[in-house]
């Protein structure tokens with residue numbers, strides 16, 4: 705067990721401050737965040753070029769060091785050296801909270817292991833900001849972040865989420881969100897409520913509220929741009945054994961794999977798909993195994 709008292713006692717080491725940055729509107733930067741960035745010795749940034757624009761806006765002169773997924777292994781020992789020397793560091797991502805679908809977690813863990821205080825400042829986070837205005841149940845909620853990109857992996861992950869009763873929060877690229885929503889309709893059912901929030905806090909902020917089927921149809925006709933947050937209502941009937949509805953474009957293999965991921969044994973999954981499609985079990989078996 706370890707006990708951290710963030711603001712009491714004399715400390716011989718510095719403090720790692722986790723500082724949120726605006727997700728769009730610069731006016732969302734707090735006074736405390738600006739003051740912290742001014743007072744620390746170094747700012748550890750996901751992208752120093754992006755952060756420099758923020759620093760210039762608030763006339764902050766503190767030097768930066770990059771810290772991202774490609775250099776954290778060599779950078780963390782350097783940052784720990786600064787902290788052990790008694791100087792404090794602020795960590796920022798490009799937008800929102802460090803560690804939430806952004807780099808940062810590794811440095812937090814390294815500091816905790818070395819008994820270096822870690823202090824998080826409150827501030828902007830896209831998922832919860834979108835949630836409270838979505839109209840979906842705000843609690844309980846499940847923050848997932850980005851789903852796998854590959855179709856089969858995504859279907860498998862969504863099938864595992866099928867019993868989830870909490871409102872689910874996802875991040876998704878505008879280029880992939882249409883296909884992702886189609887996959888959700890396949891697994892969750894097209895009548896499940898969902899909300900797309902794009903360009904949060906920016907001039908073109910927009911909420912699209914409807915069923916998964918309605919949103920999929922809308923995106924087919926009107927592709928969207930900008931950063932997206934996707935919220936999906938939880939399962940209203942978790943006690944029922946729900947079998948994901950299957951769309952024609954989903955292959956036999958994908959249908960069987962989805963059922964296996966939900967807990968069925970391969971032979972039982974093949975039998976179930978055969979019954980759904982009114983085909984012989986032997987034919988489905990052969991198609992699934994590529995015979």
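Numbering (the numbering used here), first residue to last: 705 to 995. C-beta: ideal position from N, C-alpha, C; glycine also. The structure presented is a predicted model; accordingly, all values stated were derived computationally and were not measured.
Per-residue burial, residue i [other beta carbons within 10 Å of its own, 16 or more giving buried]
i, result
"residue 961", "buried"
"residue 836", "exposed"
"residue 981", "exposed"
"residue 714", "exposed"
"residue 892", "buried"
"residue 939", "buried"
"residue 877", "exposed"
"residue 705", "exposed"
"residue 768", "buried"
"residue 993", "exposed"
"residue 818", "exposed"
"residue 902", "buried"
"residue 990", "exposed"
"residue 924", "exposed"
"residue 771", "buried"
"residue 972", "exposed"
"residue 790", "exposed"
"residue 716", "exposed"
"residue 750", "buried"
"residue 728", "buried"
Residue i versus residue j: straight-line alpha-carbon distance, rounded
i, j, result
"residue 879", "residue 710", "42 Å"
"residue 845", "residue 774", "31 Å"
"residue 952", "residue 833", "With a pLDDT of only 48 at residue 952, under the threshold of 50, the placement of this residue in the model should not be trusted; the figure read from the coordinates follows. So the two alpha carbons sit approximately 36 Å from each other."
"residue 854", "residue 723", "33 Å"
"residue 782", "residue 765", "21 Å"
"residue 746", "residue 927", "41 Å"
"residue 908", "residue 930", "9 Å"
"residue 815", "residue 874", "29 Å"
"residue 959", "residue 885", "17 Å"
"residue 827", "residue 803", "13 Å"
"residue 763", "residue 755", "12 Å"
"residue 868", "residue 942", "7 Å"
"residue 1001", "residue 743", "Lying before the first or after the last residue shown, residue 1001 is absent from the chain, which here runs from 705 to 995."
"residue 739", "residue 759", "11 Å"
"residue 904", "residue 935", "13 Å"
"residue 921", "residue 932", "17 Å"
"residue 796", "residue 748", "6 Å"
"residue 888", "residue 955", "16 Å"
"residue 964", "residue 974", "9 Å"
"residue 863", "residue 881", "17 Å"
"residue 946", "residue 894", "Confidence in residue 946 is poor, its pLDDT being 48 and thus under 50, which makes the residue's placement unreliable; the coordinate value appears in the next sentence. So the alpha carbons of these two residues sit roughly 13 Å apart."
"residue 883", "residue 898", "14 Å"
"residue 987", "residue 969", "18 Å"
"residue 861", "residue 801", "25 Å"
"residue 995", "residue 985", "13 Å"
"residue 757", "residue 906", "17 Å"
"residue 865", "residue 848", "10 Å"
"residue 805", "residue 983", "43 Å"
As assigned by DSSP and simplified to three states, the class of residue i
i, result
"residue 839", "coil"
"residue 737", "helix"
"residue 748", "strand"
"residue 952", "Its pLDDT being 48, under 50, residue 952 is placed unreliably by the model, and the measurement read from it follows with that caveat. Of the three classes helix, strand and coil, the one that applies to residue 952 here is coil, per DSSP."
"residue 880", "coil"
"residue 769", "strand"
"residue 936", "strand"
"residue 711", "coil"
"residue 945", "In this predicted model, residue 945 has a pLDDT of only 47, less than 50, meaning its place in the structure is not dependable; the value taken from the coordinates is given anyway. Residue 945: coil per DSSP, three-state reduction."
"residue 760", "helix"
"residue 905", "coil"
"residue 980", "helix"
"residue 873", "strand"
"residue 791", "coil"
"residue 799", "coil"
"residue 720", "strand"
Distance cut-off 8 Å: residue i Cβ against heavy atoms of the ligand HEM
i, result
"residue 909", "Absence of the ligand HEM from the depicted structure is noted, as is the absence of any ligand whatsoever, leaving it without description."
Distance between beta carbons of residue j and residue i, contact taken as under 8 Å
i, j, result
"residue 725", "residue 794", "Contact doesn't hold; Cβ gap of about 10 Å is too wide."
"residue 761", "residue 730", "6 Å"
"residue 871", "residue 840", "5 Å"
"residue 896", "residue 937", "6 Å"
is_contact[residue i, chain C] using C-beta, thresh 9 Å
i, result
"residue 708", "Although the question refers to chain C, the structure presented lacks it and comprises just one protein chain."
| task | Spell out a yes or no on whether the stretch 805 to 812 and the stretch 730 to 737 are touching, meaning 3 or more CB-CB pairs, one atom from each, closer than 8 Å. | result | no
| Quick one: any contact between the stretch 714 to 723 and the stretch 822 to 831, if contact means 3 or more CB pairs under 8 Å? | yes
| said: Count Cβ pairs between the stretch 847 to 864 and the stretch 907 to 925 that sit closer than 8 Å; are there 3 or more? | reply: no
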